[in-house]
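Chemist:
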Amino acid sequence: MFVTIAALICMLACQPKATPTPAISAQQTLDTAAEQIGVRLTVLSNLDVEDCPAASAQCYLAQLDLTLPAAMPADWRIYFSHISPIGWHDSELFELQHINGDLHKITVKTGQQVNAGQYRILFKGPNWLVSESGLFPNFIVEAPGLTPQVISATREVKRDGDPLARAAHVAAFETPQQRKRNPDDNMPLVDATWRFQQQSALQTLPLSASPRVLPSVQTSDWQSERRTLTNGISLPADSRNQATLSHFLTWFGLPLQNNGEAVLFTLDSTLGDEAYALTIQHEGIEIRAATEQGRFYALMTLAQLYRSSDTSLPLGSISDAPRYPLRGLHLDVARNFRSVAFVQRLLDVMAAVKLNTLHLHLADDEGWRLQIQDLPELTEVGGKRCLDLTEEHCLLPQLGAGVDPTSQVNGYYSREDYIGLLRYAAQRHIEVIPALDMPGHSRAAIVAMQARYRKLMQAEQSDAANQYYLSEPQDQSHYSSIQHYHDNTLNPCIDSTYAFVNKVLDEVQILHKEAGVPLTRYHIGADETAGAWQDSPACQALIARQPELTEAKQLSAYFVEKVANMVSQRGMIPGAWSDGLSHANPRALPRPIQSNVWDTLFWGGSARTHDMANQGMQVVLSFPDMLYLDFPYESDPKEPGYYWGSRATDSEQIFQFMPANLPAHAEIWPDRMGNPYADKDPTPLKKPENIIGLQAQLWSETVRSDERAEYMLYPRLFSVAERAWHVAPWEQAYQAGRAYSAQTRHMDDTRIALRNADWWQFSNQLSNRWLPMLSEHQIAYRTPLPGAQVNDGRLYMTLPFAGLVAEYQLADSGWQTYLAPFDVGNRAVRVRVRARVPGSDHTSRVQQVQ
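Note that this note's numbering has the sequence shown beginning at 15, numbered continuously upward.
1) Identify whether methionine 471 lies in helix, strand or coil by the three-state DSSP scheme.
2) What did DSSP end up calling alanine 742 once you bin it into helix, strand or coil?
3) Give the DSSP-derived three-state secondary structure of valine 863 in the structure shown.
4) Can you tell me the Cα-Cα spacing of leucine 249 and glycine 751, whole angstroms?
5) Could you tell me the boundaries of the beta strand (DSSP E) in which arginine 848 lies?
6) I need the straight-line Cα distance from tyrosine 728 to glutamine 237, nearest angstrom please.
7) Under three-state DSSP, which class holds aspartate 198?
8) Any idea what DSSP makes of isoleucine 23, helix, strand or coil?
9) Where do the ends of the alpha helix (DSSP H) carrying glutamine 232 lie?
10) Apart from the five residues on each side of it in sequence, which residues of its chain come closer than 6 angstroms, Cβ to Cβ, to valine 17?
11) Kindly indicate the opening and closing residues of the alpha helix (DSSP H) around isoleucine 386.
12) I'd like to know whether the C-beta of tyrosine 572 is nearer than 7 angstroms to at least one C-beta of chain C.
13) With a CB to CB cut of under 6 angstroms and the five nearest residues on each side skipped, what residues in its chain are close to serine 733?
14) In whole angstroms, what is the alpha-carbon distance linking phenylalanine 108 and aspartate 79?
15) For serine 620, count the other beta carbons within 10 Å of its own beta carbon; 16 or more makes it buried, fewer makes it exposed. Which is it?
16) Within the segment 539 to 618, note down every full alpha helix (DSSP H) run reaching 4 residues or more, in order along the chain.
17) For aspartate 644 versus glycine 655, is the C-beta distance shorter than 7 angstroms?
18) Taking just the CA atoms, how far does alanine 37 sit from alanine 20?
19) Would you grab the beta carbon distance between isoleucine 100 and histidine 112 for me? Rounded to a whole angstrom, and I think it's under 8 angstroms.
20) Is glutamine 192 buried or exposed, if buried means 16 or more other CB atoms sit within 10 Å of its CB?
21) What are the partner residues of leucine 374, as DSSP defines its beta bridges?
22) Who are alanine 303's beta bridge partners in DSSP?
23) Can you look up glutamate 64 in the DSSP assignment and give me helix, strand or coil?
24) Residues in the same chain with beta-carbon distance under 6 angstroms from alanine 877, minus the five sequence neighbours each way, listed in chain order, please.
25) Output the distance between the C-alpha atoms of aspartate 116 and leucine 268, rounded to the nearest integer angstrom.
26) Just the Cα atoms here: how many angstroms apart are asparagine 599 and glutamine 629?
27) Among Asp89, Arg769 and Tyr493, whose alpha-carbon lies nearest the alpha-carbon of alanine 157?
28) Since I believe leucine 484 is in contact with methionine 471 (beta carbons under 8 angstroms), could you give me their beta-carbon distance rounded to a whole number of angstroms?
29) Taking all protein chains shown into account, decide if leucine 403 is buried (16 or more other Cβ within 10 angstroms of its Cβ) or exposed.
30) Select from Asp45, Asp104 and Phe153 the residue whose C-alpha is nearest the C-alpha of proline 83.
31) Express the C-alpha separation of threonine 534 and methionine 626 in angstroms, rounding to a whole number.
32) Are the segment 343 to 358 and the segment 385 to 392 touching by the rule of at least three beta carbon pairs closer than 8 angstroms?
33) Under the assumption that isoleucine 332 contacts serine 224 (Cβ atoms under 8 angstroms), give the Cβ distance between them as a whole number of angstroms.
34) Is serine 714 near asparagine 480, with beta carbons less than 7 angstroms apart?
35) Measure how close the beta-carbons of phenylalanine 262 and methionine 314 come, nearest whole angstrom, since I'm counting them as under 8 angstroms.
36) Just verifying my parser: in three-state terms, what is the DSSP assignment at asparagine 865?
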């Protein structure tokens, strides 16, 4: 068969035209690159690293491996967060630059060209890095005129057997060089065997059947009988907050019904504001208290005593009162935001365990989280982070924030949100202390007011623009804050700073008034920044006018004294962190004034506490050693949290805390490096009545989700509540001038045995009451890991809390309950272990034994 030329031409000409391949846009190139770029970050060593960057006595060595795809947008760069400025890097192709705070930038060096392939950058930074938490997620690739994207390889991901999402690009910390901070670091490298050794002595402690609640009561007298409640309980018709009370009683499974056993409320004005007496007999249930708050706490105790399995209560009586009038939690929502629902869940738990103060940290360098009338820029700009180097629309993406301004690390409380939280807290007898940190840690406010200034100047409203302007353009001071910012400190020498402070105080007071919740305490922060204001013309002029001022470093105290008095004149008690107050003139400060002491005990925390109490300040114990809940539970690189003050703070250590005898901890605890220290009580405590409270802190630099925040809080917050309310019989009384060290033996074996038995009982409460209840209410928490070891082919396991369930897995078989030691057979078989909360599917992180 032949095809004619005409036909052939027709065939070719009549074919449908091929659709041309559309050109790939620059934005598509960047988006695809964000999916394809490979990143691997490995800390090589913290030990014996030579040629450290200037001003670093010690440094670590790390490597950043990049895998670049064939197509990259023109003039690309990568932004990422890193805990401290990288002082040295080694690369012929790439420049690595510190921008501000923790933000860094990678660019191709001028005159260099990179192609698809793998590249390595070695770098050094100050001090050490021994934890995954020190390495942030969400690297950002960006190019001029394009929408930046997070590099997928650096996002946080969840893996099987691990309750936490982790940055995918961070290599494991496995060697001593990676896990030790320096040659003097004697903290244990925690694994299953270490846990087994630490937990073994607890396993045989007996558990008492006597009723117990959390926090423990002051005195109790129990009978052997119980009484049945067929229909739960009923409260007097005139009881306030019936809905709130019903909410909590339901939490504990105690029905509140009209036909329930009537609870008799008796007014007893001889009792303290939060004290109560509870009597349960066959004839009835009586609560005696002087206040509604005392009755509320009595009902929380009654609800815990209720046993839903047989709807019964034990017969007996309780007399109870708190150790401290202020029992609190500091919640940082500024670094990374926490949702309204999270705060409400937290307030529920706090009220149930008789914590009564929420210190709400609403503003810091990385965020301003409270809507202020007439200053929308504070939240429109200061309430979110994204990649906008001009900071016209958001703050820089510090702390691995990424590019999405609507992500859960961003946000703020509207006026309605805040008023709602105040009322929610008040119904639970919890006071909210707002804190907007100044003069340091104020970058969010400064940047927001700069945006306001530019907007109003463009509108030719110069007076309004300057009204709350927090910057002095002529100030040429060079400084670096602890968090490595060079522009985060209010100027105490310009009038607009105090106009801003007054405006904020006005609006916060209005919010509390609208909520019907008086503002009685306000925390000013009082954090300092060394080197600020040295070259400020306004400050030089102020120093010349004020005879009591001679140099710039006195200006922080000047600011603290002035603002503290501004707060006091409004009828509020000002609060501040102890370091800021320590430089102020005590005679220039108002009274009363609250000092949150946050020196570690091994760095003189007891002396600072005693000194400030002796001066007449209201001292709130806020030590990092055992009260910073953003620190890791264990010295394990996988446990999240900063660790500058403690490498490991678990529930048991907090439980061991003896707040009334601070020097005594030198005998029972090491310093942050695991080494002994001594406390000779150089400043004896003369006015213990001025220590008014105990407060845990949850800072949020490494806490990027509500779930992670709950993991860090629970179960440790239960130990905080126990120590804030209850004085344990094993605690050692304070004796002025007594010295303590690892060589003294003031804490005798009897007290230690009592403490261990008390802890084991307490942990049993957590396992069988509190953790299951958190599970029931969808509140996240950390289940502690079991101990395990294989000896002569047999598996042995221990538990950190009484009442948990130990489980194991051999090779790829299913999970089994551990009951007793048994032969695992071939020693090469993989053995994995975990702990489970009884009656739930909540387990610890899985660990491999062999």
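Each residue gets a CB set at the ideal place from its N, CA and C atoms; glycine is no exception.
Predicted, not measured: the structure shown is a model, and the values here were computed from it.
Modeler: Walking through what the data contain:
1) helix
2) coil
3) coil
4) Whole-angstrom Cα-Cα distance: 51 angstroms.
5) 845 to 850
6) 33 angstroms
7) coil
8) Interpretation of isoleucine 23 is limited by its pLDDT of 40, a score under 50 that renders its predicted location unreliable; the figure taken from the coordinates is listed afterwards. DSSP places isoleucine 23 in helix when its eight states are reduced to three.
9) Neither: glutamine 232 is in no alpha helix (DSSP H) and is coded neither H nor E.
10) In this prediction, valine 17 has a pLDDT of 43, which is less than 50 and means its spatial position is unreliable; what the coordinates show is noted afterwards. So no residue of the chain qualifies.
11) Where isoleucine 386 is concerned, there is no enclosing alpha helix (DSSP H), given that its DSSP letter is neither H nor E.
12) Considering every chain present, this structure includes no chain C. It has just one protein chain.
13) Ser665, Ile668 and Phe669
14) 12 angstroms
15) buried
16) 551 to 559, 569 to 583 and 592 to 596
17) yes
18) Confidence at alanine 20 is low in this model, with a pLDDT of 44, below 50, so the placement of that residue is unreliable and no value is reported for it.
19) 6 angstroms
20) With 16 or more other CB atoms across the displayed protein chains lying within 10 angstroms of its CB, glutamine 192 is buried.
21) Leu345 and Pro448
22) Leu281 and Tyr290
23) Coil at glutamate 64, not helix or strand.
24) The structure shown does not extend to residue 877, since the chain is modelled only from 15 to 864, so the question has no answer here.
25) Straight-line Cα distance between these residues: approximately 50 angstroms.
26) 11 angstroms
27) Asp89
28) The pair is not a contact, with the Cβ atoms about 15 angstroms apart (cut-off 8 angstroms).
29) exposed
30) Asp45
31) 21 angstroms
32) no
33) Contact check for isoleucine 332 and serine 224: beta-carbon distance about 12 angstroms, past the 8 angstroms limit, so the pair fails to qualify.
34) no
35) 7 angstroms
36) Only positions 15 to 864 of the chain appear in this structure, which leaves residue 865 out of reach.
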